Every structure is written in structure tokens, then in C-alpha cells.
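Engineer: Read in order, the letters of the sequence shown are residues 1 to 241 in full-length UniProt numbering. First the structure, then my questions, so here it is.
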Amino acid sequence: MPATDSSPATILVLEDEPDIAKLICNSLGEYGFRSEHVGTGRELLERAQRATPELCIVDLGLPDMDGMQVVRELQEGNPCAVLILTGRNDVTDRVLGLELGADDYIVKPFEPRELVARVRSILRRYQRTTAVEASVVERNIARFGEWTFDKGRHALIRSDGSEINLSAAEATLLLTLLARPNRILSREQLLGERDIDPFDRSIDVRISRLRRKLEDDPQDPRLIKTVYGAGYLFSTQVSWE
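This is the structure we're talking about:
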């Protein structure tokens with residue numbers, strides 16, 4: 001469940017360097033966020049299994065396992081919002097993180113206020129999606145084409161019964177598209193932000209990943225169409241039950 005004003009978001013901070021972890025947790029605390037520090041990937045996965053957090057901040061350089069594997073296992077078992085924090089300033093790592101379902105990526109050394117701003121941005125995006133659920137879609141099952149989407153389980157079911165799990169970021173994006181079919185949505189609308197960096201390709205990565213799961217030919221999509229210079233359009237009828 002997303003946090004409300006009276007219930008601050010629960011944020012798990014996966015960082016093996018105590019000084020950096022303290023800086024992150026103190027910065028989050030100054031802005032009213034509730035955080036919990038864990039030092040290993042396994043500890044975070046076990047903690048998330050007991051109660052799914054609103055957001056995980058995941059360092060990629062860990063003592064017990066690769067941070068990318070943590071992101072993968074999180075999205076497969078307990079999908080939630082993820083902000084990757086790393087010393088690796090490599091575009092390949094950024095794209096891979098987004099492909100695995102991360103919502104954003106920040107490189108060390110970082111400015112604490114920027115990290116807090118990105119946390120706020122991610123949580124606001126999920127809260128806006130929840131508002132869409134409440135006002136537009138009060139039921140759990142969407143049917144479109146040969147697909148059924150169960151938003152409670154973040155699951156896509158094809159007409160033959162085969163099932164595909166989605167990451168939290170993918171499910172959020174799909175829900176936004178399903179709530180507004182046959183309408184052009186800008187990248188800003190899909191990300192839930194008024195202004196985004198013109199070089200930010202995170203939404204395009206997620207669209208590409210959704211296409212690979214939904215489309216027979218992702219290079220010639222029938223469902224999620226690109227409207228050049230404007231955004232994306234979900235070109236189908238959607239029914240809810």
C-alpha cells in the first residue's frame with residue numbers, strides 16, 4: 001500500500017558502507033520518511049518478504065550478491081519501487097537496472113537533496129497511479145485483446161492460460177495505459193512528472209520491455225503505438241471486472 005500523509009513511506013536502504021547508509025537514512029528522516037538500513041542483499045530480500053516496502057534503495061556493490069540480482073529477485077517475489085544507488089557510472093548498468101524493473105538510478109557521489117527528490121518523485125508516481133485505480137478502475141481484472149491483467153498480482157494472462165509476471169514499474173505503467181486507452185499519453189504523463197530530463201529514456205526502456213511481453217512483433221507493435229513527437233497510445237478496447 002502506498003504511504004499516506006499520516007503513514008510515511010517505508011524505505012529499505014541496502015548499503016554496505018555504514019557512513020553512506022547513515023547519510024541516506026538521516027537525509028530521508030529529515031524529510032519525514034521512515035527508513036530501515038540493511039547491509040546485505042539476502043537481508044533485504046528476507047525483510048521485503050515479511051512486509052513489502054514502498055521503496056527500496058539498492059546499492060549494486062554488495063558483499064554477498066550482485067545488486068542487479070537483488071533487483072531481479074525483488075521484482076519476481078515482492079514487486080516494489082526501486083531506486084538504484086551505485087558507484088558505477090555506466091550506461092549499460094543503467095539500462096540493465098531499468099530493464100529489471102528499477103524506477104530510477106543515481107550515481108555516487110550524490111547530493112542528498114537530489115536523492116530525496118528522486119525518492120519523492122518515485123513515490124508520487126505510484127501514489128498517482130493509486131489515485132487512477134481509485135477513480136477510474138475500482139475492479140481488479142482488465143481484459144484487452146487476448147490478454148487479461150490482474151492488477152492485484154501484477155500478472156498478465158494470455159488467452160491460452162500462460163502467465164507472465166510484471167515488475168512493479170511495468171505494472172504501474174501498464175495500469176496507466178489501461179486506464180486511458182486510445183489516448184495519446186506523453187512521456188511526462190506516463191512517468192507522472194511535469195518536467196523530465198529530455199535525455200531520460202527510462203519510460204522508453206519500460207515501454208520496450210512491455211512490448212516484448214505483450215506484442216507478437218515488438219518491432220511492429222499493435223497495442224502500444226509510438227506517436228512521434230507526442231508520446232504513446234494504447235490502441236485497444238479495455239474492459240474491467
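Note that beta-carbon positions come from the ideal geometry of N, C-alpha and C, so glycine has one too. Quick caveat, the model's predicted, so the values are computed rather than measured.
1) Rounded to the nearest angstrom, what separates residue 242 and Glu-114 at their Cα positions?
2) Which value, in whole angstroms, describes the spacing of the CA atoms of Ile-84 and Asp-104?
3) Let me know the secondary structure DSSP gives Asn-182 once reduced to three states.
4) From Gly-39, Leu-74 and Leu-62, pick the residue whose C-alpha is nearest to that of Glu-54; which is it?
5) On a CA-only basis, which of Thr-52, Ile-57 and Thr-40 is nearest Leu-23? Give me that one, please.
6) Got a sec? Which residues, its chain only, sit under 8 Å from Ala-21 by beta carbon, not counting five neighbours each side?
7) Does the stretch 140-158 come into contact with the stretch 171-191, if we say contact requires no fewer than three beta-carbon pairs (one atom in each stretch) closer than 8 Å?
8) Does Asp-59 pass the burial test, meaning 16 or more other C-beta atoms within 10 Å, or should it be called exposed?
9) Rounded to whole angstroms, what's the CA-CA distance from Gln-49 to Ile-164? Just pull it up for me.
10) Are at least three pairs of beta-carbons, each pair with one atom in the stretch 61-68 and one in the stretch 85-96, less than 8 Å apart?
11) Quick one: measure Cβ to Cβ for Lys-213 and Leu-156, integer angstroms, because I've assumed they're closer than 8 Å.
12) Within 10 angstroms of its Cβ, does Ser-27 collect 16 or more other Cβ (buried), or is it exposed?
13) Would Ser-202 be called buried (16 or more neighbouring beta carbons within 10 Å of its own) or exposed?
14) Could I get the ranges of all uninterrupted beta strand (DSSP E) runs contained in the stretch 44-97, with 3 residues as the minimum, in chain order?
15) From the DSSP output, in three-state form, read off Ala-230 for me.
16) Tell me whether Pro-79 is buried or exposed, calling it buried when 16 or more other Cβ atoms sit within 10 Å of its Cβ.
17) Buried or exposed: where does Gly-32 fall if 16 or more other Cβ atoms within 10 Å of its Cβ makes it buried?
18) Which residue comes first and which comes last in the beta strand (DSSP E) that contains Val-107?
19) Going by C-alpha distance, which of Arg-187, Arg-125 and Asp-160 is nearest Ala-168?
20) Taking the beta strand (DSSP E) that Asn-165 falls in, what are its first and last residues?
21) State the beta-bridge partners of Val-205 as determined by DSSP.
22) Helix, strand or coil for Glu-133 per DSSP?
23) Quick one: what does DSSP say Thr-148 is sitting in, helix, strand or coil?
24) Select from Glu-30, Leu-44 and Leu-173 the residue whose C-alpha is nearest the C-alpha of Arg-209.
Structural biologist: Reading it off the structure:
1) Because residue 242 is not part of the residues shown, which for the chain are 1 to 241, the question remains open.
2) Looking up residue 84 in the sequence shown gives position 84. Looking up residue 104 in the sequence shown gives position 104. When rounded, the distance between both Cα atoms is 6 Å.
3) For the purposes of this step, residue 182 is identified with residue 182 of the sequence shown, where counting begins at 1. Asn-182 falls in the coil class under three-state DSSP.
4) By 1-based counting over the sequence shown, the position of residue 54 is 54. It is Leu-74.
5) On the sequence shown, position 23 is the one that residue 23 refers to. Minimum Cα distance to Leu-23 is reached at Ile-57.
6) As a working note, residue 21 is residue 21 in the sequence shown. The beta carbon of Ala-21 is closer than 8 Å to those of Val-13, Glu-15, His-37 and Gly-39 in its chain, skipping five residues each way along the sequence.
7) Because the criterion of three Cβ pairs below 8 Å is met, the stretch 140-158 and the stretch 171-191 touch.
8) To locate residue 59, count along the sequence shown from 1; it is residue 59. Here Asp-59 is buried: its Cβ has 16 or more other Cβ atoms, across all protein chains shown, within 10 Å.
9) Indexing the sequence shown from 1 puts residue 49 at position 49. Indexing the sequence shown from 1 puts residue 164 at position 164. Rounded to whole angstroms, the gap between the alpha carbons of Gln-49 and Ile-164 is 20 Å.
10) Judged by Cβ distances under 8 Å, the stretch 61-68 makes contact with the stretch 85-96, as three or more pairs qualify.
11) Sequence index remark: in the sequence shown, residue 213 carries index 213 (1-based). Sequence index remark: in the sequence shown, residue 156 carries index 156 (1-based). Going by Cβ atoms, the distance from Lys-213 to Leu-156 rounds to 6 Å, so yes, they are a contact pair.
12) In the sequence shown, counting from the first residue as 1, residue 27 sits at position 27. Classification of Ser-27: buried, given that the 10 Å Cβ count is 16 or more.
13) Counted from its first residue, the sequence shown places residue 202 at position 202. Label assigned to Ser-202: buried.
14) Taking only runs of at least 3 residues, the beta strand (DSSP E) segments lying wholly in the stretch 44-97 are 55-59 and 81-86.
15) For the purposes of this step, residue 230 is identified with residue 230 of the sequence shown, where counting begins at 1. Coil at Ala-230, not helix or strand.
16) As a working note, residue 79 is residue 79 in the sequence shown. The residue in question, Pro-79, is buried, as its Cβ has 16 or more Cβ neighbours within 10 Å.
17) Locating residue 32 in the sequence shown gives position 32, counting from the first residue. Exposed, by the Cβ-count rule.
18) Indexing the sequence shown from 1 puts residue 107 at position 107. Its beta strand (DSSP E) spans residues 104-107.
19) The residue you call residue 168 lines up with position 168 of the sequence shown. In terms of CA proximity to Ala-168, Arg-125 leads the group Arg-187, Arg-125 and Asp-160.
20) Residue mapping note: residue 165 aligns to position 165 of the sequence shown, counting from 1. Boundaries of the beta strand (DSSP E) harbouring Asn-165: 163-165, taken from the DSSP string.
21) For this step, residue 205 is matched to residue 205 along the sequence shown. According to DSSP, Val-205 bridges with nothing at all.
22) For the purposes of this step, residue 133 is taken as residue 133 along the sequence shown, with counting starting at 1. With a pLDDT of only 49 at Glu-133, under 50, the local geometry of the prediction cannot be trusted, and the value read off the model is given with reservation. Correct three-state label for Glu-133: helix.
23) The residue given as residue 148 occupies position 148 in the sequence shown. Here Thr-148 sits in strand by DSSP.
24) Indexing the sequence shown from 1 puts residue 209 at position 209. Nearest of Glu-30, Leu-44 and Leu-173 to Arg-209, Cα basis: Leu-173.
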